[in-house]
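From first to last, the protein sequence lines are chains A and H. Residues in the first sequence are numbered from 1 upward in steps of one, following the UniProt record's numbering. Residues in the second sequence are numbered from 1 upward in steps of one, following the UniProt record's numbering. Cβ atoms here follow ideal geometry from the backbone N, Cα and C, with glycine treated the same way. Heads up, the thing below is written out as structure tokens.
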Amino acid sequence: MMALFKVIAGRLYQAFLLLAVMSLVGFVGIHSVGNPVYNVVNIETATPEDIRRATELLGLDLPLWRQYFVFLQNLATGSFGISYIYHQPAFALVMSKLPATFELAAVAMIVATVTGTGLGLLAGTRPGSRLDRVVVAATVYALSVPSFWLSMMLILLCAVTTGWFPSGGRGSTAEFLGWDWSFLTIDGLRHLVLPALALAIPNIALIARLARAGTVEVQRADFVRFCRAKGISDRRILFRHTLPNISLPIITIVGLQFGGMLAFAVVVESIFAWPGVGKLLIDSIQLLDRPVVVATLTLVALTFVVLNAIVDLLYAVLDPRVRISA
Amino acid sequence: MTAENHTAPLLEVSELSLVYRGASRSLPIVRNVNFSLDHGEVLGIIGESGAGKSSIGNAVIGLLAPGIAQTAGTIRLEGTALEAVDGEARRALRGRAIASIFQDPSSSLDPLMTVGAQLDETIAALSPELSRSDVRARAIQLLERVGIPDAPRRHHSYPHQLSGGQRQRIVIAMALAGAPSLIVADEPTSALDATVQKQILHVLKGLVQDHGLSILLITHDMGVIAEIADRVVVMKDGAVIEQGATAALLQAPQDPYTQRLLAAVPKLRSVHPDPASPGVGAREPILVVENLSKSFGGRSILDLFGAGKPHFALRDIGFRVPRAGVLGIVGESGSGKSTIGRILAGLESAEADRIELDGQRCDISHRNRAGSLLGRVQMIFQDPSSALNPRLTVAQALTECARATAPAGEDTSQAAVRARVIETIERLGLQTLHLDRFPHQLSGGQKQRVCIARALLARPKIVIADEPTSALDVSVQAEILALLKETVAENRLSMIFISHDLAVVQDICDDVCVMRNGRIEDYGSSDFIFGQSENPYTRHLIDARPKILAA
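Right, dumping it as structure tokens:
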């Protein structure tokens, strides 16, 4: 019980440290880019008096450390501040964009994990075969193609030329758990396909390579040879023995990539006009909308901490050697 | 199966040839091997590394390593040629007619699955008609048959929660799941301690006696053959040298190779204690160790899942190494004997009341600290292949060592160092032509000689040899041991000799320390330990050694 408490305390400490660092990065970063006040007032009509009043109103006249202090005070009451541009609470603004990003990233990651692991297993059980060579070569291309080019090709081929899928936007949504989701409607699903593919393809390649390397190694292991000698079928060896044994590194990568997608799928979200967190973040940085930037970065940090904890838990579920040795 | 099969032996291998087809050339692995195995019989195949014995086992199971192909001969099981059976039918034979046991039970089991689930899956694969509960009942029954205590509870254990011996029992239970008539056991006890080895051999023997099973036993260990095999096939370089009934072959080996193999096996001498022989501590010690303890207990995230208490690897160890003498440390795996070696070589830290080397106090509380033992004590490791840098020639490795450890003021010119290196290796039976070779161009015995030379060149106060012969073939083992003995006597060296092999220890050591679970269980002069000691654990270790018939 004591040990459990220690680990949780350690995790919370880690989370707080990360949040502090991320909010500082947001603060100092935006501060050094420029003065947000010029994006708030109308430059052409504003008098020096207007600018001074706006600066005071936003608290920008204080030294940076005082501003940070005010931010911390607000944070203690649960507020990340009000967006300079949208005049809404920053945190609520980020949260309103989260479902769109979350469903996009989740669909992309599920597709990538299933396809990547499948390809990796197939290739890894037949090293040196034609299939193996094709998979390995294809992953190199998929990893080297820039995502903006990939996105545009997808739009060109699957939307513009053939008209199979819409080229952008979220389509119609349905409400579930108080949020709007695209994947609950046919139209929304059709809108989801291309951006999800654009995000999934490099990850398919990454996971396929990991899975292939793991499979090649596990297939040589004594216990797989012993399974053959026991008369276990190849299928069962593949799914009951090989798959769990290669899954630890895959889970790690999936966790990291998923976290990254939630915040930094900027290119794909912009090209497909997907109203997600990444797009909000890049827009806010351009407009020097500090409360939104800081709120987004903080949320991302929090997501990574939670994802890390989930990955560690999955490790314990999958690998008994990590669990209590009774 | 036809009626004539009743007269056919269970397994008949005739004119078997196996070839490795590499990218550039083909290498014969096994040439024209003939033998047969009857119902209820144990046939041992013995040979040193590279003899091709494991490949024969793999050919019988039908799982040849990639690149190896059967080019001639037949393997018949109850009269049916196995070459004619392929694909699905051959797989169906595995586990049912022919089961197998591999060398290392730790790697034979899937680490992520409970042993029960693995056993269940084997039973279900071999008898798909059984219901879930029947499978489970049969699994428990098999576990009990191989002597797993508290089988229903152990069914839920993961491999890492079991000891090596229990894991090998589980592997045997799986081999029995399909009620096979033949078990191919490839070095089934080589990864186990002597006492556990004895128990496992006992289990195998029971299977043969009670159930009429036949075992094809592949091993490098004469002791195992003597213990369990009815007949022996001696192999060398892919060919059969000699075969016959075990007792006859061990007593009167015909072929010179078999004779050498037998002569090389270390044997325990029976000791008639001489009451006048000097006891421990009679000679002046070069190294004094008092109350040495070492605990492991890290602070890691894994503490969440495990116990947080520190685990003692060593507790209150005290001994003296006589000047120009050899102290032996024996024990089973996990007894902490190698940890002592690493601590005294300065590679690991520990706590101790007193460590005195040649009259000087030493600090071992931190690694790499000035005044530690580092450098003044040299090690010879178990596996010479991994103890040498593969990218350095022998000359480079030895010169580097001689230079680094040369005392201030010594001539370290190219010529002087080279002369020292040459002198040292020649005394160890190597020649100057070996100097420009890389480790992979040397045999195991030659590599170990280089390691010994490296240790000697540093002019250590003490040499620690940690299982220096365990990774070598028996005949090479004997050479290296003789060499070590000679070197110690010639140079008036002091040595700590760590081993699990009692006969080797008796052969070379003046004093002996018996370790168990991180503590010293028994300590005395070699004659005392082997002749008089009444410590039950010492007696147990001595009794566990497989006895080879009078040779």
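- Under the three-state reduction of DSSP, K267/H is assigned to coil, being neither helix nor strand.
- The Cβ atoms of L314/H and G328/H lie no closer than 7 Å to each other.
- For the segment 179-207 of chain H, no residue has a beta-carbon sitting nearer than 7 Å to a beta-carbon of chain A.
- Against chain H, a Cβ distance below 8 Å from L318/A picks out L112.
- For Y158/H, at least one C-beta of chain A is nearer than 7 Å to its own C-beta.
- By DSSP's assignment, S295/H forms a beta bridge with F312/H.
- For R126/A, the CB contacts under 8 Å within the same chain, skipping 5 residues up- and downstream, are D132 in chain order.
- Among the CB atoms of chain A, none fall inside 7 Å of the CB of I56/H.
- Rounded to whole angstroms, the gap between the alpha carbons of T424/H and G124/A is 49 Å.
- Interface with chain H (7 Å Cβ-Cβ cutoff): R228/A is included.
- With respect to chain A, the C-beta atom of A125/H has a partner C-beta closer than 7 Å.
- Listed along chain H are F102, D104, S107, S108, each with a C-beta nearer than 7 Å to that of D222/A.
- Annotated three-state conformation of A99/H is strand, per DSSP.
- Secondary structure note for E175/A: its beta strand (DSSP E) is the uninterrupted segment 174-176.
- As summarised for the segment 317-348 of chain H, the continuous beta strand (DSSP E) elements at least 3 residues long and confined to that stretch are 326-330, given in chain order.
- Bounds of the alpha helix (DSSP H) holding G255/A are 243-264.
- Residues are counted here when their Cβ sits less than 8 Å from a Cβ of chain H; for the segment 229-248 of chain A these are A229, K230, G231, I232, S233, R236, R240, H241, P244, N245, given in chain order.
- The beta carbon of R11/A sits no closer than 7 Å to any beta carbon of chain H.
- Within the DSSP bridge table, the entry for L77/H names L11/H, T80/H as partners.
- Put simply, the backbone Cα of S386/H is about 29 Å away from that of V171/H.
- Counting C-beta atoms within 10 angstroms of its own C-beta, T432/H has fewer than 16 neighbours from the protein chains shown and is therefore classed as exposed.
- Boundaries of the alpha helix (DSSP H) harbouring Y315/A: 290-318, taken from the DSSP string.
- Contact with chain H is absent for R209/A, since none of that chain's Cβ atoms lies less than 7 Å from the residue's Cβ.
- L63/H reaches chain A at R225, R228, A229, counting residues in chain order whose Cβ is nearer than 8 Å.
- Here the segment 406-413 of chain H makes no contact with the segment 317-325 of chain H; the two share fewer than three CB pairs at distances below 8 Å.
- Put simply, the segment 109-116 of chain A does not touch the segment 175-195 of chain A. Fewer than three CB pairs are less than 8 Å apart.
- At the C-beta level, V289/H and I355/H come within 7 Å of one another.
- Shown here, E242/H sits in a strand according to DSSP, grouped into three states.
- Interface criterion not met: the Cβ of R133/A is under 7 Å from no Cβ in chain H.
- At least 7 Å separates the CB of R53/A from every CB of chain H.
- DSSP links Q168/H through a beta bridge to no other residue.
- Taking a 10 Å sphere around the C-beta of F239/A, we find fewer than 16 other C-beta atoms and assign the residue as exposed.
- Excluding sequence positions up to five before and after D110/H, its CB lies within less than 8 Å of the CB of Q118, P159, all in the same chain and listed in chain order.
- For the segment 87-98 of chain H, the beta-carbon criterion of a distance under 9 Å to any beta-carbon of chain A is satisfied by R91, A92, L93, R94, G95, R96, I98.
- Leaving aside the five residues that flank E269/A on each side, the residues in its chain whose CB is nearer than 6 Å to its CB run, in chain order, G276, G278, K279.
- In the assembly as shown, P384/H is a buried residue. Its beta-carbon has 16 or more other beta-carbons within 10 Å.
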